[in-house]
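Q: The structure is given below, and queries will be raised subsequently.
There are 2 protein chains.
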Amino acid sequence: MKTYFSCCCPSLIPSRETARISLLCALIALYMLAGAALFSSLERPAELKAHQLWERRLRDFSYEHNINLEDLKSLLCHYEEARTAGIRAEQGRALWDIHGAFYFVGTVVSTIGFGVTAPITVTGKALLILYGLLGCSATILFFNLFLERVITMLSLLIFTCHRRRIEHSGLQGRTSEGDRNEDWKPSVYQVTFILFVAVLLVACGAASLYSVMEGWTYIQSLYFCFVAFSTVGFGDFVSGQREHHEDTWAYQVANCLLMLLGVCCTYSLFNTIAVIIKQGLDWMLRTLAWVFAGFAKICCNSDHYSNSVFLTLSLLYVLVKMTL
Amino acid sequence: MKTYFSCCCPSLIPSRETARISLLCALIALYMLAGAALFSSLERPAELKAHQLWERRLRDFSYEHNINLEDLKSLLCHYEEARTAGIRAEQGRALWDIHGAFYFVGTVVSTIGFGVTAPITVTGKALLILYGLLGCSATILFFNLFLERVITMLSLLIFTCHRRRIEHSGLQGRTSEGDRNEDWKPSVYQVTFILFVAVLLVACGAASLYSVMEGWTYIQSLYFCFVAFSTVGFGDFVSGQREHHEDTWAYQVANCLLMLLGVCCTYSLFNTIAVIIKQGLDWMLRTLAWVFAGFAKICCNSDHYSNSVFLTLSLLYVLVKMTL
Ligand SMILES: [K+]
Ligand SMILES: [K+]
Numbered sequence: 001m002k003t004y005f006s007c008c009c010p011s012l013i014p015s016r017e018t019a020r021i022s023l024l025c026a027l028i029a030l031y032m033l034a035g036a037a038l039f040s041s042l043e044r045p046a047e048l049k050a051h052q053l054w055e056r057r058l059r060d061f062s063y064e065h066n067i068n069l070e071d072l073k074s075l076l077c078h079y080e081e082a083r084t085a086g087i088r089a090e091q092g093r094a095l096w097d098i099h100g101a102f103y104f105v106g107t108v109v110s111t112i113g114f115g116v117t118a119p120i121t122v123t124g125k126a127l128l129i130l131y132g133l134l135g136c137s138a139t140i141l142f143f144n145l146f147l148e149r150v151i152t153m154l155s156l157l158i159f160t161c162h163r164r165r166i167e168h169s170g171l172q173g174r175t176s177e178g179d180r181n182e183d184w185k186p187s188v189y190q191v192t193f194i195l196f197v198a199v200l201l202v203a204c205g206a207a208s209l210y211s212v213m214e215g216w217t218y219i220q221s222l223y224f225c226f227v228a229f230s231t232v233g234f235g236d237f238v239s240g241q242r243e244h245h246e247d248t249w250a251y252q253v254a255n256c257l258l259m260l261l262g263v264c265c266t267y268s269l270f271n272t273i274a275v276i277i278k279q280g281l282d283w284m285l286r287t288l289a290w291v292f293a294g295f296a297k298i299c300c301n302s303d304h305y306s307n308s309v310f311l312t313l314s315l316l317y318v319l320v321k322m323t324l
Numbered sequence: 001m002k003t004y005f006s007c008c009c010p011s012l013i014p015s016r017e018t019a020r021i022s023l024l025c026a027l028i029a030l031y032m033l034a035g036a037a038l039f040s041s042l043e044r045p046a047e048l049k050a051h052q053l054w055e056r057r058l059r060d061f062s063y064e065h066n067i068n069l070e071d072l073k074s075l076l077c078h079y080e081e082a083r084t085a086g087i088r089a090e091q092g093r094a095l096w097d098i099h100g101a102f103y104f105v106g107t108v109v110s111t112i113g114f115g116v117t118a119p120i121t122v123t124g125k126a127l128l129i130l131y132g133l134l135g136c137s138a139t140i141l142f143f144n145l146f147l148e149r150v151i152t153m154l155s156l157l158i159f160t161c162h163r164r165r166i167e168h169s170g171l172q173g174r175t176s177e178g179d180r181n182e183d184w185k186p187s188v189y190q191v192t193f194i195l196f197v198a199v200l201l202v203a204c205g206a207a208s209l210y211s212v213m214e215g216w217t218y219i220q221s222l223y224f225c226f227v228a229f230s231t232v233g234f235g236d237f238v239s240g241q242r243e244h245h246e247d248t249w250a251y252q253v254a255n256c257l258l259m260l261l262g263v264c265c266t267y268s269l270f271n272t273i274a275v276i277i278k279q280g281l282d283w284m285l286r287t288l289a290w291v292f293a294g295f296a297k298i299c300c301n302s303d304h305y306s307n308s309v310f311l312t313l314s315l316l317y318v319l320v321k322m323t324l
């Protein structure tokens with residue numbers, strides 16, 4: 001790849017990195033704008049409806065004066081429904097006993113951060129900063145080591161399959177070539193595909209468990225799995241928070257293990273997709289440079305690479321302006 | 001490092017990776033247990049107190065029957081106080097207009113996931129899975145490219161300082177040696193320190209802004225900064241959610257930029273701390289192997305490395321048992 005721009009002077013080589021990150025920034029911004037438009041059109045009506053429903057219920061309730069504790073509780077339940085990322089009117093399980101605190105600490109170091117539990121005290125808040133700094137770093141190291149191992153394992157697996165297939169087809173000349181492990185690299189697409197299937201299997205398995213144990217629909221459980229595994233962690237659905245879950249140790253352990261496995265696999269998947277995106281960016285930059293090189297040759301005889309970068313950014317600027 | 005275990009047969013080399021990841025797992029588990037105990041002891045009394053307060057208020061309210069809309073709203077405010085990661089009784093700004101949706105999409109791709117906004121509709125939930133898969137991967141790529149650039153820049157900066165200092169002290173022989181850029185690598189501690197200072201500066205600056213604009217105390221603002229920058233995102237404090245913030249464009253833009261800068265710097269900081277932790281793990285493994293090598297030599301003449309791993313794990317098991 002580096003040879004592609006070797007015609008330019010060496011001082012332009014870092015510029016290529018800049019072009020790549022700029023292009024990525026612009027694409028992410030566009031992707032976010034498109035996403036915002038899409039989600040806004042999808043969710044805005046539901047929000048307005050929920051708002052109206054809540055306001056009507058509140059008004060109705062304010063008119064009736066003969067209330068008791070049960071009525072109040074049902075009001076709070078409706079209030080919860082009105083809010084998406086609901087606070088339960090009654091806390092399910094104790095939040096800050098040792099199990100709850102362990103769950104909390106898990107959501108911190110994994111950076112999932114459901115937010116069902118968050119420190120109230122000032123000391124707790126200050127401690128969290130110090131605690132998280134070391135904890136999150138250690139977890140990032142763990143994820144990276146896991147990623148390394150998974151890539152090594154999958155490479156070995158794919159290599160074995162690859163060699164077996166070649167041996168099967170009886171091409172002796174190629175077999176000796178395939179034996180040189182160092183020369184052979186598995187395709188990033190194969191690794192990504194295997195990881196995708198792995199994430200899908202873990203998510204589907206976990207979703208089946210959650211839909212039984214939490215009383216969610218299957219799509220809600222799948223949504224929860226994705227939100228948790230990607231470490232986004234909205235906290236609108238959180239597993240293992242009901243009071244009766246305190247007793248079911250097997251479920252709590254299974255929950256933690258599934259979460260750990262899911263997060264690790266998803267982290268690996270994200271990283272392999274990132275490699276594919278990087279390849280895509282390089283391809284786009286090459287294409288743009290090639291297109292604008294011809295362009296620049298016609299316009300003037302100045303350095304085509306810096307020209308192409310400038311023109312790309314102008315084009316992206318126009319695109320963004322058009323979108324807004 | 002690899003030569004250290006070269007006395008063992010080559011098939012044991014992958015075992016070292018296993019030993020490292022196992023040790024890290026054990027240490028993270030211990031760290032989480034210690035954290036759980038600490039946070040539990042800190043937060044449990046506050047939780048109980050909040051619980052009692054809320055129950056008392058609910059009881060008091062159920063006794064008085066003459067309620068109006070204002071009373072109800074004040075009840076809901078107390079209800080919020082009782083809950084840590086509170087739903088606001090009145091939504092600040094519209095959640096799913098285009099600005100709100102953009103904020104939401106930002107929390108998804110950055111994996112912060114405050115959870116103030118989360119899709120309600122089934123279509124929205126399903127879409128989020130697909131959307132997040134690509135978005136999170138692209139952001140991970142962006143973070144990694146940013147990390148690369150930061151490391152390169154800081155290395156150059158430290159190298160320049162290093163060379164200038166040597167030139168200043170007039171050691172000509174070393175200067176020519178220092179000129180060989182390829183041979184020289186900056187210490188990970190220096191890079192980590194600079195990044196730590198950078199994160200601290202961004203966090204302190206942002207906290208000053210937030211404490212003015214959001215009405216939080218300075219420690220709350222700092223806590224919010226850490227929670228957001230580390231992409232944990234509990235959602236107990238979320239910036240830019242008040243209704244009057246809709247008009248202050250400058251604040252919204254500053255908020256987004258500070259968040260972006262903070263997340264990027266913190267990601268880089270976590271990664272450099274992870275390198276330090278990795279070095280620490282290797283040091284621990286070497287020390288343990290060295291200690292148990294002597295041990296094993298006395299006990300029997302079997303392979304000392306696998307023995308040392310076994311003994312380490314036994315020791316850790318005993319430690320865990322003692323902690324519980
Ligand atoms: K979160
Ligand atoms: K998060």
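These protein sequence lines map, in sequence, to chains A and B. Per UniProt numbering: the first sequence = residues 1 to 324. Per UniProt numbering: the second sequence = residues 1 to 324. The beta carbon of each residue, even a glycine, is placed where N, CA and C say it ideally should be.
Quick check on the burial criterion: 16 or more other C-beta atoms within 10 angstroms. Buried or exposed for residue 16/B?
A: buried
Q: According to DSSP, is residue 241/A part of a helix, a strand, or is it coil?
A: coil
Q: I think residue 111/B touches residue 230/A, with their Cβ atoms under 8 Å apart; what is that distance to the nearest whole Å?
A: About 6 Å; that satisfies the 8 Å criterion.
Q: What do you get for residue 122/B, buried or exposed, if any count of 16 or more other CB atoms within 10 angstroms of its CB means buried?
A: exposed
Q: On the criterion of 16 or more Cβ atoms from any shown chain inside 10 Å, does residue 326/B qualify as buried, or is it exposed?
A: This structure leaves residue 326/B out entirely; chain B is present only between 1 and 324.
Q: For residue 60/A, which of helix, strand or coil comes out of DSSP?
A: helix
Q: Thinking residue 109/B and residue 139/B are a contact (beta carbons under 8 Å), I'd like their distance in whole angstroms, please.
A: 5 Å
Q: Return the Cβ separation of residue 36/A and residue 102/B in integer angstroms, given the expectation that the two are a contact with Cβ distance under 8 Å.
A: The pair is a contact, with the Cβ atoms about 4 Å apart (cut-off 8 Å).
Q: Using a Cβ cut-off of 8 Å (strictly closer), state whether residue 102/A contacts chain B.
A: yes
Q: Straight-line CA distance for residue 287/B to residue 28/B?
A: 19 Å
Q: Anything in the stretch 30-47 of chain B with a Cβ closer than 8 Å to a Cβ of chain A? List those residues in chain order, please.
A: 31, 32, 33, 35, 36, 37, 38, 39, 40, 42, 43, 44, 46 and 47
Q: Quick one: Cα of residue 104/B to Cα of residue 118/B, how far?
A: Straight-line Cα distance between these residues: approximately 8 Å.
Q: Just verifying my parser: in three-state terms, what is the DSSP assignment at residue 262/A?
A: Secondary structure at residue 262/A: helix, using DSSP grouped into helix, strand and coil.
Q: Give me the Cβ distance between residue 258/B and residue 206/B, rounded to the nearest whole Å; I'm assuming they're in contact under 8 Å.
A: Yes, residue 258/B and residue 206/B are in contact; Cβ-Cβ is about 4 Å, under 8 Å.
Q: Of the residues 135/B, 95/B, 132/B and 275/B, which one's Cα is nearest the Cα of residue 238/B?
A: 95/B
Q: Please confirm if residue 151/B has its CB atom under 8 Å from at least one CB of chain A.
A: For residue 151/B, not one C-beta of chain A is nearer than 8 Å to its own C-beta.
Q: If you check the beta carbons only, do residue 40/B and residue 158/A fall under 8 Å apart?
A: no
Q: Enumerate in chain order the residues of its own chain whose CB-to-CB distance from residue 125/B is below 8 Å, with the five nearest sequence positions on each side excluded.
A: 119
Q: One question on the structure: do residue 273/A and residue 137/B come within less than 8 Å of each other, judged by their Cβ atoms?
A: yes
Q: Quick one: is the Cβ of residue 135/A within less than 7 Å of any heavy atom of ligand 2?
A: Answer for residue 135/A: no, Cβ out of range of ligand 2.
Q: What are the residues of the stretch 256-282 of chain A that lie near chain B, defined by any Cβ-Cβ distance shorter than 7 Å?
A: Under the 7 Å Cβ criterion, the stretch 256-282 of chain A contributes 270, 271, 273, 274, 277 and 278.
Q: Whole angstroms are fine: how far does the CA of residue 266/B sit from the CA of residue 154/B?
A: 15 Å
Q: When you compare the CB of residue 189/A with every CB in chain E, is at least one pair closer than 8 Å?
A: The structure shown contains no chain E; its protein chains are A and B.
Q: Here's the rule I'm using: 16 or more other beta-carbon atoms within 10 Å means buried, otherwise exposed. How should residue 193/B be labelled?
A: exposed
Q: At a Cβ threshold of 8 Å, is residue 2/A touching chain B?
A: Here the model assigns residue 2/A a pLDDT of 34, short of 50, so the residue's position is not dependable and the matter cannot be decided.
Q: Out of 18/A, 280/A, 216/A and 191/A, which one is the CA nearest neighbour of residue 147/B?
A: 18/A
Q: Consider the Cβ of residue 165/A: report whether some Cβ of chain B lies at a distance smaller than 8 Å.
A: Not one chain B Cβ lies under 8 Å of residue 165/A.
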